[in-house]
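Student: These protein sequence lines map, in sequence, to chains A and B.
The numbering of the first sequence is the working numbering, which starts it at 12 and goes up by one.
The numbering of the second sequence is the working numbering, which starts it at 55 and goes up by one.
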Amino acid sequence: MRPDYDAIEALSPEREALWARVDKATFLTQNEKRAAVGYGPVEVSDSEGLTPSHDHAGQKFNPHHDALGRFTFSPNPDAAQPAQGRRLFGRFPTAKPPKGPGFGATPKGLQFTEHGRSNATQRNFSEQRIDAIVENNAKSRIGKVDEYGKKTWEYTDARGNTVVLNEQGGIVTVFSPAPKGIYIEKP
Amino acid sequence: MTPDIAQGVSVELKFLLKPEWTLIQEPDRFRIKPPPGSSAQPDFHQLLRDEVWRIAQFVAYLHFVSIARNDDGSFTIVSKMESGNGFAIVFETG
């Protein structure tokens, strides 16, 4: 069972924009365009002579898509997608990153370390707040290398709420300049 | 002290420490040293106590924390999560 995104009025501007973008994409086949807007394939040959029934299992039919028709920039389609790549298709259903094992992940796919999860909980940094801090402060992030050669990225919002990620995108810690490092709300 | 905890606590201590205080990371603990010569000041012990309290309040996990004053006047903070993983910080006197 799949939701009918076209029937949800709140999504209609985004769906229209998606339809327009997909329609203009000359590098996509008809079935790839149908997949991009959430429709199933049709069993007729398209202009490239490839249909899903003729497609060999596991073989890419477009260099920008994986075997499931998902848009990808990397050789590993299951790896975390860059933020720019996720924005391209907005609410594209299959673009949502999977929840990982261990100490959980944010909705955008940032994995928690044990320390990061503990501090996020006790300092009131929700998963949504962490995603927002990282996404809204990417341009001003600060890269640091410690004395052991480990690299971190620090994302800080205007109020001083900070999220520290490691090289793998894991959440090392979160804190603010407030007492006990608790998240500072908007005034 | 797991690598993730060591990295996380290290980042926070660097954020918290005042200028001229020194952070040293060892496999099983952190050591914090006050500025050179500061231990000769008459109010040094109160200053050190205040720093221990300020930093402990910030970095400690809710599950467990202890602050001990050692025989040589230094302080040790130990904090653990529910899993038993945690860290130790020793505040030296000079």
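For every residue, glycine included, the Cβ atom is placed at its ideal position computed from N, Cα and C.
Note that this is a predicted model, so its numbers are computed, not measured.
Looking at the secondary structure, which residues open and close the beta strand (DSSP E) in which Thr132 of chain A lies?
Tutor: Premise fails: Thr132 of chain A lies in the alpha helix (DSSP H), 125-133, not in any beta strand (DSSP E).
Student: How about Gly62 of chain B: is its C-beta nearer than 9 Å to some C-beta of chain A?
Tutor: Chain A, which has a Cβ nearer than 9 Å to the Cβ of Gly62 of chain B, makes this yes.
Student: For Asn172 of chain A, tell me which candidate among A:Ala116, A:Lys197, A:Ser129 has the shortest Cα-Cα distance.
Tutor: For the residues A:Ala116, A:Lys197, A:Ser129, the minimum Cα distance to Asn172 of chain A belongs to A:Lys197.
Student: Quick check on the burial criterion: 16 or more other C-beta atoms within 10 angstroms. Buried or exposed for Tyr159 of chain A?
Tutor: Tyr159 of chain A comes out exposed.
Student: Below 9 Å between beta carbons: does that hold for Val113 of chain B and Ser137 of chain B?
Tutor: Contact: no.
Student: By the three-class DSSP mapping on this structure, what secondary structure does Pro74 of chain A have?
Tutor: Unreliable positioning characterises Pro74 of chain A in this predicted model, as indicated by a pLDDT of 46, which lies under 50. The coordinate reading is nonetheless provided below. Note: Pro74 of chain A maps to coil in three-state DSSP.
Student: Just to confirm the assignment, what range does the alpha helix (DSSP H) spanning Ser64 of chain B have?
Tutor: Here the alpha helix (DSSP H) through Ser64 of chain B covers 57-70.
Student: Looking only at its own chain, which residues have a Cβ that is under 7 Å from the Cβ of Val156 of chain A, when we skip the five neighbours before and after it?
Tutor: The residues are Lys162.
Student: Rounding to the nearest angstrom, what Cα-Cα distance links Ile193 of chain A and Asn130 of chain A in this structure?
Tutor: The straight-line gap from Cα to Cα measures roughly 9 Å.
Student: How would you label Ala116 of chain A, buried or exposed, when you count the other beta carbons within 10 angstroms and need 16 or more for buried?
Tutor: Buried, because 16 or more other Cβ atoms sit within 10 Å of the Cβ of Ala116 of chain A.
Student: Give me the subset of the stretch 148-177 of chain A whose CB atoms are less than 9 Å from a CB atom of chain B, sorted by chain position.
Tutor: Those would be Lys155, Asp157, Glu158, Tyr159, Lys161, Thr163, Glu165, Thr173, Val175, Asn177, in chain order.
Student: If we call anything under 9 Å between Cβ atoms a contact, is Thr124 of chain A one with Ile144 of chain A?
Tutor: No, these two residues do not count as a Cβ contact at 9 Å.
Student: Helix, strand or coil for Gln179 of chain A per DSSP?
Tutor: Three-state DSSP puts Gln179 of chain A in coil, outside helix and strand.
Student: Rounded to a whole number of angstroms, what is the C-alpha to C-alpha distance between Pro90 of chain B and Trp75 of chain B?
Tutor: Going from the Cα of Pro90 of chain B to the Cα of Trp75 of chain B covers about 8 Å.
Student: Buried or exposed: Pro118 of chain A, going by 16 or more other Cβ atoms within 10 Å of its Cβ?
Tutor: The residue in question, Pro118 of chain A, is exposed, as its Cβ has fewer than 16 Cβ neighbours within 10 Å.
Student: Ala142 of chain B by DSSP, collapsed to three states: which one?
Tutor: Ala142 of chain B falls in the strand class under three-state DSSP.
Student: Can you grab the Cα-Cα spacing for the pair Asn124 of chain B / Gln133 of chain A, in whole Å?
Tutor: C-alpha separation (whole angstroms): 29 Å.
Student: So that I know if they touch, is there some Cβ in chain A lying closer than 9 Å to that of Glu105 of chain B?
Tutor: So, not an interface residue.
Student: So is Phe186 of chain A in contact with chain B if we call contact Cβ pairs under 9 Å?
Tutor: Closer than 9 Å: yes.
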